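In what follows, a structure is listed as structure tokens, so that the remarks can point back to it.
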Amino acid sequence: MQTRPDLQIKSILKAMTDVVLPAVDPDNKLAQEQARLCMGLLGLMARQLPLQFRFDCDELARLSAYSAELQRIAGDGGAQTRAAITSLEKTAAEASALLERAKAAPVEIEMAVRSMREATGSVISSVFRDGDAAAQDRVQKATLAMSKEQLLRERAWVITQGWEPDPKSVPPIEELLG
Amino acid sequence: MRGIDKDRPSPEWIAELRKRFPVEREIDRVLTRKMQRRSGPPYSPVPLEKLVEGTTSLLRACNIGTFDIAQPRWLSGGASKLQMAFTLKWDRPGAGRAETPMVLRMEPAESIVETSRLREFQLIRAFEGTVPVPPVYWCDAEGEHLPYPALVYGFAEGVAKPTAAQAGVSGLGTHLPPELRARLAPQFVDYLARIHTFDYRKADLSAFDVPAADSTQCAEWGVNWWERVFEEDGDEDVPLMRLGAAWLRSHLPVLDKPSVVHADYRLGNFLFTEHDARISAWLDWELGRVGDRHQDIAWTTSRAFGHLAEDGKTFLTCGLMPENQFIEAYEKASGLCIDPKVVHWYKVYNDYMMGTLLYATSYRIAHGGKTHQDVLITWLMGIGGMLLEEMRTLIEEAP
């Protein structure tokens, strides 16, 4: 699936730089400024998006360590402090468990997807080159079934673009992703 | 695909692809040129003045006498080429001093579909007087005068969609009112029949190779063309595209009778005059070839180019008429029969080609900043899933 924000942002920035900005009225200072701000924010997004997940995990790890320290140093205090510490213990435990599950970064998942696409694609081509008819039939059926599910998600991913003649036949992406 | 730098392809890899995927000579030349130039700079905006300068150089080389290029301006429309409108003040042969509206159509550094300006030029010239086409005047096939290869057309009157209609880019998603489609549909069928019954042997089509009749060469050249492009341009592999290529190769149809194929015959690619609903020009011949008429029949019936009628149930081919009516009218107008099994194969073929352009080429050229409208190319990538689902279903339901 290649309709990803990095390519989209790159294309938008090129259109803004090459076509839109030169056409903005130089006397309309507000429009000039806001066009440049749009481009600046898009450039910022392009840099931040690949790092967003790592940034959040990094912060969560720091907060987990900090919460452990807080539990250690906050003392017994009064009722309010004890209640807050109890609440923090519960929240910190949930955060630690979550952090434990978030071991792989999105970019690693993306790379694994690419590798799996290539490896499975190679099997398809090979079977149709030197496999027997029965194996080809089985591979065809399996590929069509897997692709049906994948393509449904790819179509739902871009449903707001308006390409589908019958958009109601495509479930919402939120539902498909579980 | 790992291990190959497709943004800087090596001569060895280019040679390997040429050997693996034999295609028509001119197609081979254009694809090879694309790969040899890929590591060059991205597209950078060309000022109108530079286009005027290049057009002036081209027209001087064509010895058209004294002339003046007036009112140059940008035109939008189309996803693949840059277009500049202008008025040529010149001594028009046989007409004396004239002011002729014209359009310069030029490639960007890389296009969503890499094609030959020479083929486009020859094909349009060949069809003058057979179907309405914009007059085509001059060709800079190798970009000797302009920054990239280009054609100069006469300006054709008409609109690609009703002035009041809503449509997406490239005319996709255009909805025609019933009274208009009733008038356009018969012309739409008739012109397709004329193209397919045209005697290509009498025309100068030297940039085309003619596939052998009673063989699978035509289909094989086609699959080689698009599988080669997928290999050249693709970034992320697509298992269904692998299956698509394998399925096409194991079901190659035999060509009964070579015909000229427009290859992009659809709503959005013709102009019509609104006051009399007359088709005034057929555009976008760049993918045309001498091939199998079933390719065009399959193309016009793609889900991407039509929509549901007012009843919400009947799918209209190119937004004009139901598919069965379209086929029936075509057979009557052309005297040629249509084999549903071959149409089915070409539907898979067309979707495979579109899958290649949308999943492979679009990514490659937008990623490399190679066009004047990468943002449009990126937008169009969104249609790929729907077209591949069509291909998937077609393979599943193949007769």
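Chains as they are written, first to last, in the numbering used here: chain D, 1 to 178; chain L, 1001 to 1399. Backbone N, C-alpha and C fix where the C-beta goes; we use that ideal spot for every residue, glycine too. In this text, all values refer to a predicted model and were calculated from it rather than measured experimentally.
- For the pair of segments examined, the segment 1142-1160 of chain L was found to touch the segment 1112-1130 of chain L: the number of CB pairs separated by less than 8 Å reaches three.
- L/Gln-1373 carries a coil assignment under DSSP once its states are collapsed to helix, strand and coil.
- Per the DSSP secondary-structure output, L/Trp-1090 pairs in a beta bridge with L/Phe-1067, L/Ala-1098.
- In this chain, the beta strand (DSSP E) harbouring L/Phe-1315 covers 1315-1317.
- Residue contact with chain L for D/Gln-2: present (Cβ-Cβ distance below 8 Å to some residue of chain L).
- Closest in alpha carbon position to L/Lys-1341, among L/Phe-1305, L/Leu-1394, L/Leu-1357, L/Tyr-1352, is L/Leu-1394.
- In this structure, L/Leu-1267 keeps its C-beta atom at 8 Å or more from the C-beta atom of L/Phe-1326.
- Segment contact: the segment 1179-1199 of chain L against the segment 1270-1285 of chain L, three or more CB-CB distances shorter than 8 Å; contact assigned.
- Contacts between L/Leu-1240 and chain D, judged by CB atoms closer than 7 Å, involve Thr-143, Ser-147 in chain order.
- The C-beta separation of L/Glu-1227 from L/Phe-1021 comes to about 6 Å, placing the pair in contact by the 8 Å criterion.
- Residue burial is scored here from C-beta neighbours: L/Asp-1311 has fewer than 16 other C-beta atoms within 10 angstroms and is therefore classed as exposed.
- In this structure D/Leu-49 is in contact with D/Asp-6, their Cβ atoms being roughly 7 Å apart against a cut-off of 8 Å.
- Identification of residues in the segment 88-113 of chain D having a C-beta nearer than 9 Å to some C-beta of chain L yields Val-113, given in sequence order.
- For L/Ser-1250, the neighbours in chain D by C-beta distance under 9 Å run, in chain order, Phe-128, Gln-136.
- A Cβ-Cβ contact shorter than 8 Å links D/Glu-154 with L/Gly-1385.
- For L/His-1344, not one C-beta of chain D is nearer than 8 Å to its own C-beta.
- The C-beta distance from L/Thr-1087 to L/Val-1152 rounds to 12 Å, too long to fall under 8 Å, and the pair is not in contact.
- Those residues of the segment 1284-1304 of chain L placed with their C-beta closer than 9 Å to a C-beta in chain D are Arg-1303, Ala-1304, ordered along the chain.
- Judged by their CB atoms, L/His-1294 and L/Ile-1195 are not nearer to each other than the 8 Å cut-off.
- In the DSSP assignment, L/Gly-1244 falls within the alpha helix (DSSP H) that extends over 1239-1250.
- The DSSP-derived three-state label of L/Ser-1080 is coil.
- For L/Ile-1279, DSSP records a beta bridge to L/Phe-1272.
- Residue pairing from DSSP places L/Trp-1074 in a beta bridge opposite L/Met-1084.
- Listed along the chain, the chain D residues whose CB falls inside 7 Å of the CB of L/Ile-1383 are Trp-163.
- Among the residues of the segment 71-83 of chain D, none has a Cβ less than 7 Å away from any Cβ of chain L.
- In this model, L/Thr-1273 and D/Leu-44 are separated by some 47 Å (Cα to Cα).
- DSSP places D/Ser-115 in the uninterrupted alpha helix (DSSP H) bounded by 106-130.
- For D/Ser-11, the enclosing alpha helix (DSSP H) has its first and last residue at 5-15.
- Using beta-carbon distances, D/Arg-36 does not count as an interface residue toward chain L, since no partner is under 8 Å.
- When the beta-carbon positions are compared, L/Thr-1378 and D/Gln-8 come within less than 8 Å of each other.
- Our two residues, L/Lys-1202 and D/Arg-117, have alpha carbons roughly 48 Å apart in a direct line.
- In this structure, DSSP gives L/Tyr-1346 a helical state, which the three-state scheme calls helix.
- Proximity of the segment 1347-1357 of chain L to the segment 1206-1217 of chain L falls short of the contact definition, fewer than three beta-carbon pairs being nearer than 8 Å.
- The DSSP-derived three-state label of L/Arg-1105 is strand.
- Only exposed fits L/Trp-1074, as fewer than 16 other CB atoms lie within 10 angstroms of its CB.
- Comparing alpha-carbon positions, the option among L/Ala-1095, L/Tyr-1137, L/Val-1131, L/Ala-1085 lying closest to L/Leu-1058 turns out to be L/Tyr-1137.
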